[in-house]
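J.: In the working numbering, the protein residues as written are 478 to 758.
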Amino acid sequence: EAKNAGKNQFKFFTESLHQQLVHEIELENNMQRALDNGEFELYYQPKISVTTGQVTGAEALIRWIDPNKGVITPDRFIPSAEKSGLMVPLGDWVLETAVRQQIDWKKRGLGDFQVSVNLSPVQLINNHFEEKLNRLIQESGITPSKLDVEMTESQFMENSEQNLSLLHAIQQKGISISLDDFGTGYSSLAYLKKFPINTLKIDKTFMDDYDTESGAIFIETIIKIAQTLNLNVVAEGIEHPEQLDYLVKTGCETYQGFFCSRPLPAAEFEKFLTMEKSCCH
Ligand code: C2E
Ligand code: MG
Ligand code: MG
Ligand code: MG
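#1: Helix, strand or coil: which one does DSSP assign to Lys583?
#2: Find the nearest neighbour of Val532 within the set Ala511, Lys671 and Gln591, judged by alpha-carbon distance.
#3: Measuring alpha carbon to alpha carbon, tell me which of Thr751, Gln648 and Gly662 ends up nearest Glu635.
#4: With distances taken between CB atoms, is the gap from Glu730 to Ser593 smaller than 8 Å?
#5: Based on the DSSP output, what are the partners of Asn595 in its beta bridges?
#6: Any residues whose CB sits closer than 7 Å to a heavy atom of ligand 2? List them in chain order?
#7: My guess is that Val710 and Ile679 are in contact by the Cβ rule of under 8 Å, so how many angstroms apart are they, rounded?
#8: Starting from the C-beta of Leu666, find all residues in its chain whose C-beta is less than 8 Å away, skip the five residues before and the five after it, and write them out in chain order.
#9: On the three-pair Cβ rule with 8 Å, is the segment 692-701 touching the segment 641-650?
#10: Can you find a heavy atom of ligand 1 that lies under 7 Å from the Cβ of Lys681?
#11: Assuming Pro556 is part of the beta strand (DSSP E), what are its boundary residues?
#12: Exposed or buried, which one is Leu494 when buried takes at least 16 other CB atoms within 10 Å?
#13: For Gly547, write down the residues that DSSP places opposite it in a beta bridge.
#14: Cα-Cα, which of Asp513, Glu503 and Lys484 is closest to Ser557?
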């Protein structure tokens, strides 16, 4: 009987493993098809000046608009894309689309602000990333400082030596680099000094706790560190007016969050740009 139970467990185990595998393969095939069919779309969330309420940038956030399932958010497919190798062409598409959008908004007089793109570390490991960037800058004519790339702390540390020199080269071109979700990884101060970064993005989980004593100490310490290292600071995930009131007092220059705007499809983002002269102020 014990032997049978073991057998059943094994069967259960292999079946669920098999199902997982089938699911992964299906997802990978679907993503490839989606990329070919143009089902991916970039949404844009404004970066807003804390003091003036003006739009100072836009973060591109990918969505998969599946004809049957509707809008799929990146946490549901980016990890598979990274495992399957599709992240490289998908990441190329994100970069090209965001850069083209920046140029288009500039040409149409809608704004000449920076666009931020989230980078996956597999894009760096894959060779030719620097050449691709060079070509993109040349062909599009974008001013490199109007492009910003965001990476999380743990992504920075992956493959660190090789990544570091590549990121230094990227920064040297004039592209700016943001450390995303700051506070959730394991950066030590020593790393912060070594990393080629222009901006710290304080993770939403810290901003949620702004109204507790220890929460405020964390936020203000991060802002002080940024000021000491001459970095810009962006507060992520601002949802309430009280959080913005608080930010005004801290000296943090920029924020993002649902309070001002959710990520929007390009056309809606453009409406936002023309309507909201000064957001939520
Ligand atoms: P992230 O770069 O840290 O982006 C911030 C996430 O927080 C976004 O989720 C955004 O919609 C959400 N957010 C912004 N403001 C608020 C707020 O006030 N409240 C709450 N609750 N959430 C807010 P999203 O778009 O689902 O993206 C999740 C993550 O997926 C991103 O985190 C980023 O790491 C990754 N991602 C998104 N687009 C891309 C991409 O094109 N390439 C890569 N490699 N990763 C991407
Ligand atoms: Mg980001
Ligand atoms: Mg973030
Ligand atoms: Mg994040």
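For every residue, glycine included, the Cβ atom is placed at its ideal position computed from N, Cα and C.
T.: Straight from the coordinates:
#1: The three-state secondary structure of Lys583, taken from DSSP, is helix.
#2: Distance check between Val532 and each of Ala511, Lys671 and Gln591 places Gln591 closest, using alpha-carbon atoms only.
#3: Residue Gly662 is the option with its Cα nearest to Glu635.
#4: The answer is no: Cβ separation not under 8 Å.
#5: Answer is Glu627.
#6: Those residues, listed in chain order, are Glu536, Ser593, Asn595, Glu627, Asp657 and Lys678.
#7: Their Cβ separation, rounded to whole angstroms, is 7 Å, which keeps Val710 and Ile679 in contact under 8 Å.
#8: Counting only residues of its own chain and dropping the five nearest sequence neighbours on each side, Leu666 has a CB closer than 8 Å to the CB of Ile702.
#9: Output reads no: the segment 641-650 does not touch the segment 692-701.
#10: If you check the C-beta of Lys681 against ligand 1, you find a heavy atom less than 7 Å away.
#11: For Pro556, no beta strand (DSSP E) encloses it; the enclosing alpha helix (DSSP H) starts and ends at Ile555 to Ser561.
#12: Counting of Cβ neighbours within 10 angstroms places Leu494 among the exposed residues, the total staying below 16.
#13: For Gly547, the beta-bridge partners assigned by DSSP are Asp543.
#14: It is Glu503 whose Cα lies nearest to the Cα of Ser557.
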